[in-house]
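Heads up, the thing below is written out as structure tokens.
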Amino acid sequence: MSATTNTDLVEMTPTTGDLKEQAGVVKEDLRTLGRTAKEVAKDKLGNAKQVAKEKLDDAKGKAVQYVEEGKQKGGELYEQGKQRATEVEDQVETYIRKKPLQSVMIAAGAGVLLGFLLSRR
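Residues 2 to 122 in my numbering are what the sequence shown lists, from first letter to last.
Take a look at the structure:
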């Protein structure tokens, strides 16, 4: 074992200069850490923006598709309704041609009933 002298202890004791030097190293490490964190955050934000843009574009595409499908279905329903109305009109016309007197009586009865209901106001 070697004996430690007072001179050795003084040399091993940290000085203000050592403290300043270590603080400078820590300061530089913090700056480097800050730059790295900033770059990582910037990269993650860029990725998030890209994903959000892709999702928005996808949603817009689906919305346009749904609108087009809705227009198509609406047009189909309109045509079906128009066709059904034409069929009913043809059936009524056929019924009137087959039974004209009965048709006139039904129309007169409906007219009287409507007149009665409307006059009660």
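For glycine and all other residues, C-beta sits at the position ideal for the given N, C-alpha and C.
Range of the contiguous alpha helix (DSSP H) that encloses residue i
i, result
"residue 100", "Premise fails: residue 100 is in no alpha helix (DSSP H) and is neither H nor E."
Residue from the options whose Cα sits closest to the Cα of residue i
i, options, result
"residue 108", "31, 121 and 93", "93"
Three-state class that DSSP yields for residue i in the structure shown
i, result
"residue 32", "helix"
"residue 14", "coil"
"residue 121", "coil"
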